[in-house]
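*Asks:* Chains as they are written, first to last, in my numbering: chain A, 1 to 757; chain C, 1 to 80; chain R, 1 to 296; chain P, 1 to 159. Dumping the structure here so I can ask a few things about it.
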């Protein structure tokens, strides 16, 4: 492990880190040349279409595909009988049941069959010709329904994990998570103010603009080449192989450009279907989801019910916290309630707490990660109650947060102590920003909130090849979902000492680069960037020895400065990198190096935000007037794309807060599966989003990087809720804070104002 | 001696013991020693991530355990 | 599904007469999503945009007996109206409504004829046409007839058009002096939404500044666009003051017969209909005052 | 099913293609002509990723039946640059970091061109409303709006 002192200088004097070169993949994306998965066409390619369940919960009595297979142009049909049954202990068991329903369909949109045909039109007709007999079963749509006594069960064998005594009867509760410290009741007894509130949120979708798409070309020897839109092509490879009962080595996955993910493309939906259809038809097959399918069948994030109770002394010191969280997992067990528990109190140093969370299955699409998964709902509860506490004890809400903010050395609720973290610095930055003291008009209000996301490390591989002309190719295994190729080029440039324009960063397929974990958990610039740095350091060592050879001097006499070898103990003229690569053949052959690592010590991300709103008292319409976010990036490699991540996260949070929600009818059928009625923010809904990049370096990373991708989405919901209260005096505790809800709260209070603990 | 902190899910095997002190060269050896003292706990600990002095490491089986380190076993995280 | 693009009204009406499975379209901006959502497509799609008369936008100056008027081809894209300063000057409200039919991409395709004949209760331009007493010219193989726009839509998705008939153009007389229209709608976002409530008003002021004539129409709060006579009576002969506006709001709310759906609740639609009615009357009255050179 | 022959001018080239009558122009551009810079995000006119200029008017190609293109002039993102010379909007998007995943970018560029063709000196609000038919989930629109304003001022200066 690298030594922090030498790798994170207190006053870094970087040449390329912190600059804003044009991203390497930019030109292709502004000219239409960039190839996304759905853009690929192969000779003889067939079009696929998927048949999905029209019911929220039903037993599949029978499936008859004969009529479909009889249609001219239909080349292959796959159903549950084409896929092996996995051992339920297999970690991918649920993924394989989500991709193809077996005895039961568990939500509207659950896959029942897939067809490949000579045209989209015929493939669609064929799926409509498949006769499926269902026995409709009663369904549950919310944690309340699913946890109720006698609720219909999704899985007859699901036993709740981590309960005392051990569960013996099946239920819809997959897991209980408990975190506690100190004596929570004694803590509340110490408090002068105790406030307890309950909050609900609805499922929301990641909303990437590119629907899931895949092209598979499988040959008769059961090997397949797969082009797809994914955040992790190595996971696509292993999950697809597992579902088919194949070896991973039988499948080569080539990452296409990915049109947004935000967590929603960290699992698979179509790939095994396409691979098997292609195998059966002996032709390449393309499967592309419609937007309707994306909403009905791919992962939204959890709907939740959360109760938070906080106690504080008159001076604002928090003495105790209690939280109860229930998160929907969708149709199969997940970890979302557990993650909520990890995040709900982490920004603050609370001496006594008890956190109890539940993961609950419901008849909805399977929940999958969405940007800082589970944290925004938890922050909605904690940050709103904190705002009430601040008002109750008469302390500025920002000061109250600063006073209780977690600092280096404080133990997180999970147990481990925080290293250097930037929460207080982000709060300070907001306080100093002119926004925080700007005047407000009538019907306007201001709210603040903070957010936390833990970030992850995991495994990454990188290789660097120096070309004869002194340019470099840097390959990694991390799909680029937001500009990571630009940051890879900059970090490589910093080590090699050549301009980022001389470096071509690429994303390698599963056969051309070492295993790399999925682009998730804000890990790519941190972990994969670290691998790039290590590979470049190896090649610098090699460059120095080649220079020593060319000078015929001892390697010890060579140092690498600013892109050239310098002779420390002699008067040889410096050798720039291009001169060494030009002579590579004479000095031992081409220069190449690679590095792989399991990145340790991902630095937690914190941010603080302030938001101004105006509320129309007659219609309940909330307008975002101004928004400022301050985030600890550790070190901003390419500040423009750090800002872009911060702004994108904020705006997704604004959509979640105000209008986005899954709406279901009484039968569990989604009513708003399209961009018209699933209301994501449009440009005219928003102001500019001001960003303040705070840099508290992550000591374990050579350049101090922390992940920046996710945490920005965490505070907007409570910041907006607190601003609405500041403007109107009413508290909104149920999402979305749509005009209907806000007007209802304004008209009859709904017990939503402060002081009704 | 390293200090090992045990979460609620682990305390089911320790009869409620929340913290123990142990000497071990690697996480693997540490788990073996914990298993010897608290039968059944190993299965619960394998596959989890390990926080060594606050720095979370996934797949930590062969990680060295520094003298006087603070060790927490935490579920392997994921993200968006 | 077969595509045909007649170049004359006669050709189109003959086609409709001979092919029962033919349906006309202009922008298809509602139609394509409906087909995407599973609505069975017609056997023959008749594209009206290549018929010169249906993509016209014309101001007739009129004569001593008839005042000036506009003729709007039924397939003329809404954007043509919002781009036409002379049209905006005569009908700022109808122009506003035309500028609210979806995004710029949609307004370059969507037409008044389509907005009307789709029979959507939430169509933005219909209340604005109704308050301006717009007329629909309807053609069939057996000739043409002209009826008030208000009589075209009979319910969600249904119209009073006979099989074989199509709307050729919309005629609307320019408002007299001291008169102006306005349209306001409520949506949760600022763009790209279907009206939760839409309210159009046309207000005439007398020299004392009192309202001498008023038309109020509501959209998205009933199966069809509804006029609000009680609000109109409350306005006529009164100044545009708080008491009058309160009466207008109450009447507008009372005139609603809304549904609960994913876009809004009954109660919300009632309340907001009243709010928008007040606001749209104030806006129209202010424009009427400006048009009269401030004498009113 | 017999296919319909369509002749039109796309990005300056006289082009012919065959399509089925119920095929969208978007599908024809992508599947028949391999102009895959035109993206499909929703197929219902709600996201703008498939934006093109049809006879100079900004439209969603997913809402147009392919046969309607007969005799028309079409501009897609592939036709925005003049040879090696990027359109100022393309250059400003690159320099202003106005894209992340890039899948909405072709639609935004075409919509922004249409906006500036009609209004060379838009306010921020006019830009925001002019682009309201195009969804971006990555950027929060901030850098897109700034880049369009920057391109507008550059185009005014060079005009």
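We treat Cβ as the ideally placed atom computed from N, Cα and C, and that holds for glycine.
Quick one: grab the DSSP three-state call for residue 252 of chain A.
*Replies:* Position 252 of the first chain, counted from the first residue, corresponds to residue 252 of chain A. Three-state result, residue 252 of chain A: strand.
*Asks:* Which residues, in order along the region 48 to 59 of chain P, keep a beta-carbon less than 7 Å from a beta-carbon of chain R?
*Replies:* Within the region 48 to 59 of chain P, those residues whose Cβ lies closer than 7 Å to any Cβ of chain R are, in chain order, 48, 51, 57, 58 and 59.
*Asks:* Between residue 37 of chain R and residue 676 of chain A, what straight-line distance do the alpha-carbon atoms span, to the nearest angstrom?
*Replies:* As a first step, residue 37 of chain R must be located in the third chain, where it is residue number 37. As a first step, residue 676 of chain A must be located in the first chain, where it is residue number 676. Cα to Cα, the separation comes out at about 13 Å.
*Asks:* Using a C-beta cutoff of 7 Å, does residue 679 of chain A count as contacting chain R?
*Replies:* The residue labelled residue 679 of chain A in the question sits at position 679 within the first chain. So, interface residue.
*Asks:* Can you confirm whether residue 614 of chain A, when its beta carbon is compared against all beta carbons of chain R, has any partner nearer than 7 Å?
*Replies:* On the first chain, position 614 is the one that residue 614 of chain A refers to. It does not: the Cβ of residue 614 of chain A has no partner Cβ on chain R nearer than 7 Å.
*Asks:* Quick one: what's got a C-beta closer than 6 Å to residue 350 of chain A's C-beta in the same chain, skipping five residues either side?
*Replies:* Within the first chain, numbered from 1, the residue matching residue 350 of chain A stands at position 350. Answer for residue 350 of chain A: 318 and 321, listed in chain order.
*Asks:* Give me the chain R residues within the contact set of residue 528 of chain A, using Cβ-Cβ distance strictly less than 9 Å, ordered along the chain.
*Replies:* On the first chain, position 528 is the one that residue 528 of chain A refers to. Chain R residues near residue 528 of chain A: none, gap ~37 Å exceeds 9 Å.
*Asks:* At 9 Å on the CB atoms, spell out the chain R contacts of residue 663 of chain A, in chain order.
*Replies:* As a working mapping, residue 663 of chain A is identified with position 663 in the first chain. Under the 9 Å cutoff, chain R gives 262.
*Asks:* Starting from the beta carbon of residue 191 of chain R, find every residue of chain P whose beta carbon is closer than 8 Å, and list them in chain order.
*Replies:* For this step, residue 191 of chain R is matched to residue 191 along the third chain. 129, 132 and 133, listed in chain order.
*Asks:* With 8 Å as the C-beta to C-beta threshold (strictly closer), list the residues of the region 107 to 136 of chain R near chain P in chain order.
*Replies:* Taking 8 Å as the upper bound on Cβ-Cβ separation, chain P lies near residues 108 and 109 of the region 107 to 136 of chain R.
*Asks:* Quickly, what does DSSP pair residue 180 of chain A with across the bridge? List them, please.
*Replies:* Looking up residue 180 of chain A in the first chain gives position 180. DSSP output for residue 180 of chain A lists A/354 as bridge partner(s).
*Asks:* Work out the CA separation of residue 164 of chain R and residue 21 of chain R for me, nearest whole Å.
*Replies:* Within the third chain, numbered from 1, the residue matching residue 21 of chain R stands at position 21. Within the third chain, numbered from 1, the residue matching residue 164 of chain R stands at position 164. Whole-angstrom Cα-Cα distance: 10 Å.
*Asks:* Need the endpoints of the alpha helix (DSSP H) that residue 278 of chain A sits in, please.
*Replies:* Residue mapping note: residue 278 of chain A aligns to position 278 of the first chain, counting from 1. It spans 271 to 281 - the alpha helix (DSSP H) in which residue 278 of chain A sits, taken as one unbroken run.
*Asks:* How would you list, in chain order, the residues of chain D whose beta-carbon sits under 9 Å from the beta-carbon of residue 194 of chain R?
*Replies:* Of the chains in the structure shown, none is chain D; the protein chains are A, C, R and P.
*Asks:* How many angstroms separate the CA atom of residue 154 of chain P from the CA atom of residue 624 of chain A?
*Replies:* For the purposes of this step, residue 154 of chain P is taken as the residue at position 154 of the fourth chain. For the purposes of this step, residue 624 of chain A is taken as the residue at position 624 of the first chain. Each residue's Cα considered, the two are about 30 Å apart.
*Asks:* Only counting the same chain, and skipping five residues up and downstream in sequence, which positions put a Cβ closer than 6 Å to that of residue 286 of chain R?
*Replies:* The residue labelled residue 286 of chain R in the question sits at position 286 within the third chain. There are no such residues.
*Asks:* Is the Cβ of residue 327 of chain A closer than 7 Å to any Cβ of chain P?
*Replies:* Working through the first chain from its first residue, we reach residue 327 of chain A at position 327. With 7 Å as the cut-off, residue 327 of chain A does not count as an interface residue toward chain P.
*Asks:* CB-CB under 6 Å to residue 400 of chain A, same chain, minus the five flanking residues each way: which ones, in chain order?
*Replies:* The sequence position of residue 400 of chain A within the first chain is 400, counting from 1. Same-chain partners within the cutoff: 316 and 390.
*Asks:* I'd like to check one pair, residue 149 of chain R with residue 217 of chain R: are the Cβ atoms closer than 7 Å?
*Replies:* For the purposes of this step, residue 217 of chain R is taken as the residue at position 217 of the third chain. For the purposes of this step, residue 149 of chain R is taken as the residue at position 149 of the third chain. No, they are not a contact pair.
*Asks:* Please report how far the alpha carbon of residue 230 of chain A lies from the alpha carbon of residue 572 of chain A, in whole angstroms.
*Replies:* The sequence position of residue 230 of chain A within the first chain is 230, counting from 1. The sequence position of residue 572 of chain A within the first chain is 572, counting from 1. One C-alpha to the other measures close to 50 Å.
*Asks:* Would you list the residues sitting across from residue 611 of chain A in a DSSP beta bridge?
*Replies:* Here residue 611 of chain A refers to the residue found at position 611 of the first chain. The partner list for residue 611 of chain A (beta bridge, DSSP) reads A/447 and A/627.
*Asks:* Just by C-beta distance, which residues in the region 386 to 416 of chain A are closer than 8 Å to chain C?
*Replies:* 414, 415 and 416
*Asks:* What first and last residue would you give for the alpha helix (DSSP H) that runs through residue 106 of chain P?
*Replies:* Residue 106 of chain P sits at position 106 when you count from the first residue of the fourth chain. Counted as a single uninterrupted DSSP element, the alpha helix (DSSP H) harbouring residue 106 of chain P occupies residues 105 to 118.
*Asks:* For residue 402 of chain A and residue 102 of chain P, what's the separation of their Cα atoms in angstroms?
*Replies:* Position 402 of the first chain, counted from the start, is the residue given in the question as residue 402 of chain A. Position 102 of the fourth chain, counted from the start, is the residue given in the question as residue 102 of chain P. Residue 402 of chain A and residue 102 of chain P: Cα-Cα distance of roughly 38 Å.
*Asks:* Quick one: measure Cβ to Cβ for residue 295 of chain A and residue 325 of chain A, integer angstroms, because I've assumed they're closer than 8 Å.
*Replies:* In the first chain, residue 295 of chain A corresponds to position 295, counting from 1. In the first chain, residue 325 of chain A corresponds to position 325, counting from 1. That belief does not hold up - the Cβ atoms of residue 295 of chain A and residue 325 of chain A are roughly 25 Å apart, past 8 Å.
*Asks:* Given a limit of 9 Å on CB to CB distance, which residues of the region 70 to 82 of chain P reach chain R?
*Replies:* 70
*Asks:* For chain A, find out if any of its Cβ atoms is closer than 7 Å to the Cβ of residue 104 of chain P; answer yes or no.
*Replies:* Here residue 104 of chain P corresponds to residue number 104 of the fourth chain, with the count starting at 1. True, the Cβ-Cβ gap to chain A drops below 7 Å.
*Asks:* Quickly, what does DSSP pair residue 597 of chain A with across the bridge? List them, please.
*Replies:* Taking the first chain and counting its residues from 1, the one referred to as residue 597 of chain A is at position 597. Answer by DSSP bridge pairing, in chain order: A/460.
*Asks:* Where does residue 141 of chain P sit, in a helix, a strand or coil, going by DSSP?
*Replies:* Locating residue 141 of chain P in the fourth chain gives position 141, where the first residue counts as 1. If DSSP states are grouped into helix, strand and coil, residue 141 of chain P belongs with coil.
*Asks:* Considering Cα atoms alone, identify which of R/276, R/58 and R/102 is closest to residue 197 of chain R.
*Replies:* In the third chain, the residue the question calls residue 197 of chain R occupies position 197. Of the listed residues, the one whose Cα sits closest to residue 197 of chain R is R/276.
*Asks:* Roughly how many angstroms lie between the CA atoms of residue 198 of chain A and residue 44 of chain R, to the nearest whole one?
*Replies:* Taking the first chain and counting its residues from 1, the one referred to as residue 198 of chain A is at position 198. Taking the third chain and counting its residues from 1, the one referred to as residue 44 of chain R is at position 44. C-alpha separation (whole angstroms): 56 Å.
*Asks:* Just the chain R side, please: which residues come within less than 9 Å of residue 88 of chain P by C-beta, in chain order?
*Replies:* To locate residue 88 of chain P, count along the fourth chain from 1; it is residue 88. Those do not exist, as residue 88 of chain P stays about 20 Å from chain R at its closest Cβ, beyond 9 Å.
*Asks:* Express the C-alpha separation of residue 372 of chain A and residue 334 of chain A in angstroms, rounding to a whole number.
*Replies:* The residue given as residue 334 of chain A occupies position 334 in the first chain. The residue given as residue 372 of chain A occupies position 372 in the first chain. Each residue's Cα considered, the two are about 15 Å apart.
*Asks:* For the ligand ADP, is there a heavy atom less than 6 Å away from the beta-carbon of residue 131 of chain R?
*Replies:* The model on display carries no ligand, and the ligand ADP is accordingly not part of it.
*Asks:* Determine whether the Cβ of residue 473 of chain A lies closer than 7 Å to any Cβ atom of chain C.
*Replies:* On the first chain, position 473 is the one that residue 473 of chain A refers to. Not an interface residue.
*Asks:* Kindly say whether residue 45 of chain C, judged by its beta-carbon, lies nearer than 7 Å to any beta-carbon of chain A.
*Replies:* Residue numbering aside, residue 45 of chain C sits at position 45 when the second chain is read from its first letter. Chain A, which has no Cβ nearer than 7 Å to the Cβ of residue 45 of chain C, makes this no.
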